[in-house]
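Colleague: Below you will find the structure I want to go over with you.
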Amino acid sequence: MGFRLFVPILAGATLRERLLACIGATIGIALTGVISGLAMGGGPHVALLVAPMGASAVLLFAVPSSPLAQPWSIIGGNSISALVGVTVALFVHDPVIASGLAVALAIAAMSFTRSLHPPGGAAALTAVLGGPAVLSFGFLFPLVPVALNSTILVALGLVFHRLSRRCYPHVHALAASSHGTGDPPPAKRVGFRPEDVDAALAALDETFDIGRDDLERLLRQVELQAMVRSHRPLLCRDIMSRDVISVPENATADEARKQLLDHNIRTLPVVDAEAKLVGAVGLRELTQTTETVKGVMSKAGTASPETPAMSLLPVLTDGRSHAVVIVDAERRILGLVTQTDLLAAAARVQVADKTPLKAVA
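According to the numbering used here, the sequence shown holds residues 50 to 410 in order.
Right, dumping it as structure tokens:
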């Protein structure tokens, strides 16, 4: 039981990550002090440092993906808070009241400037209680040494994380549709939606030390693991594209070909004057001579939104069909399921249904 006290409380913390944090903090703090001292003419043996840099180094090197550890948070949070502290010390002479007020106003200032950084509270407190050493700097204190220390520390952190192959500053990679449409990527059409994350955060009414986009990415991975475990079957409506590109049956071959190439798609549904599905064309059909796509279109594979997604497997693996059009009872297009969509779904779940797969119309 005693050994559990030494288990890291941070999710994903490994021995390698902690060792890297220790090495980074050693190098970062030492060089920040030396470089700051040299910049101020104090020589290589004079370390010009303020205490909050130690706390900043913990965030920068131990949890570099935290929103509180990003460059603007460190530089802006420390500098703005120091400025708040100096201002409060100038107008409030009772150290007890000034201390509380400086930290409180520093939190407010960092919140409004999107630079929330816990060591900023220490920077504000240092400005109030620093004594003659801080008073001698006056309003220069937020710049030298606070902003100077913070900037050098961040620069060293950027170099260290690049050499250690860590991603810093932490940027959430946005996944976009490869077809130039408004649909999210196939893997993001399954399960919860971004508005569900926002609603959950509002319901919990708490602040978490993780970016909202990273939280969504983490939850999607959790959902993936749960879905694989539970073997829940998916329906076509769960994975289909909804922003479907189509052409009228009287469109020319050049118009259809341009749509296929512009949106990087392989199947283009064809609709009549009433917007009802009448067929489909791809580059294979458009190699034939024709005035309109109606003359060369092929029969489109269709399914309803409630069709089990994996039942499309026979159609999408027949060597000719690249997509199945999801239609309503009147054959109006509701969505599209491609081979890529089905592959993404297959990667997320294991189909527990043992009944034979049936081809769709």
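The beta-carbon is built from N, C-alpha and C at its ideal position, and this holds for glycine as well.
Can you tell me which of R238, V107, F257 puts its alpha carbon nearest to the alpha carbon of S272?
Modeller: Checking the sequence, you will find Glu at residue 272 rather than Ser. Comparing Cα positions, the closest option is R238.
Colleague: Sort T75, A106, L154, V386 by Cα distance to I288 and report the nearest one.
Modeller: The shortest Cα separation from I288 among T75, A106, L154, V386 belongs to V386.
Colleague: Following the continuous alpha helix (DSSP H) through L212, name the residue where it begins and the one where it ends.
Modeller: Looking at the DSSP string, the run of the alpha helix (DSSP H) that includes L212 is 197-212.
Colleague: So, with DSSP's three-state summary, where would you put V133?
Modeller: In the structure shown, V133 sits in a helix (DSSP, three-state: H, G or I).
Colleague: DSSP state of L97, grouped into three classes?
Modeller: Three-state DSSP puts L97 in coil, outside helix and strand.
Colleague: Below 8 Å between beta carbons: does that hold for S148 and L184?
Modeller: No; because the gap between Cβ atoms is not below 8 Å, this pair is not in contact.
Colleague: Taking the alpha-carbon positions, what's the M159 to Q119 distance?
Modeller: Taking the straight line from one Cα to the other gives about 13 Å.
Colleague: Return the chain-ordered list of same chain residues with a C-beta closer than 7 Å to the C-beta of V373, the five sequence neighbours on each side being excluded.
Modeller: Answer for V373: G350, T351, A352, L361, V364, L365, V386, V409, listed in chain order.
Colleague: Shortest alpha-carbon distance to A196 belongs to which of D303, R266, I124?
Modeller: The residue with the shortest Cα to Cα distance from A196 is I124.
Colleague: What three-state label does DSSP hand I124 in the structure shown?
Modeller: Three-state DSSP puts I124 in a helix.
Colleague: Please report the Cβ distance between T389 and P233, rounded to the nearest whole angstrom; I am assuming they are in contact, meaning their Cβ atoms lie under 8 Å.
Modeller: So it is not a contact: roughly 13 Å between Cβ atoms.
Colleague: Taking just the CA atoms, how far does P354 sit from A394?
Modeller: Their Cα atoms are separated by approximately 15 Å.
Colleague: Hey, out of S122, V342, I294, M359, whose CA is closest to D303's CA?
Modeller: The option with the nearest alpha carbon to D303 is V342.
Colleague: Since G134 contacts A172 with CB under 8 Å, what's their CB separation in whole angstroms?
Modeller: Sure, about 7 Å apart at Cβ, within 8 Å.
Colleague: Can you tell me whether DSSP reads S148 as helix, strand or coil?
Modeller: If DSSP states are grouped into helix, strand and coil, S148 belongs with the helices.
Colleague: Hey, quick one: how far does the beta strand (DSSP E) through I382 stretch, first residue to last?
Modeller: Unbroken beta strand (DSSP E) run through I382: 382-387.
Colleague: Tell me whether A324 is buried or exposed, calling it buried when 16 or more other Cβ atoms sit within 10 Å of its Cβ.
Modeller: Answer is exposed; the Cβ neighbour count stays below 16.
Colleague: In the DSSP assignment, find the beta strand (DSSP E) that holds A329 and state where it starts and stops.
Modeller: First-last of the beta strand (DSSP E) with A329: 326-330.
Colleague: Figure out for me which residue from T256, Q270, I156 has the closest Cα to the Cα of P168.
Modeller: Checking every option, the nearest Cα to that of P168 belongs to I156.
Colleague: Ordered along the chain, which non-local residues of its own chain (more than five positions away) have a Cβ less than 8 Å from that of L178?
Modeller: P144, S148, listed in sequence order.
Colleague: Taking the C-alpha atoms as reference points, what is the distance between G331 and P297?
Modeller: Their Cα atoms are separated by approximately 14 Å.
Colleague: Should L326 and R380 be called a contact, given that it needs their Cβ atoms to be closer than 8 Å?
Modeller: A contact, by the Cβ cut-off of 8 Å.
Colleague: Rounded to a whole number of angstroms, what is the C-alpha to C-alpha distance between L317 and A329?
Modeller: Rounded to the nearest angstrom, the two C-alpha atoms are 5 Å apart.
Colleague: Taking the beta carbon of I146 as the centre, do at least 16 other beta carbons fall within 10 Å, making it buried, or is it exposed?
Modeller: So I146 counts as exposed.
Colleague: Please list, in chain order, all residues of the same chain as D321 whose beta carbon is under 7 Å from its beta carbon, the five residues on each side excluded.
Modeller: The answer, listed in chain order, is E298, V327.
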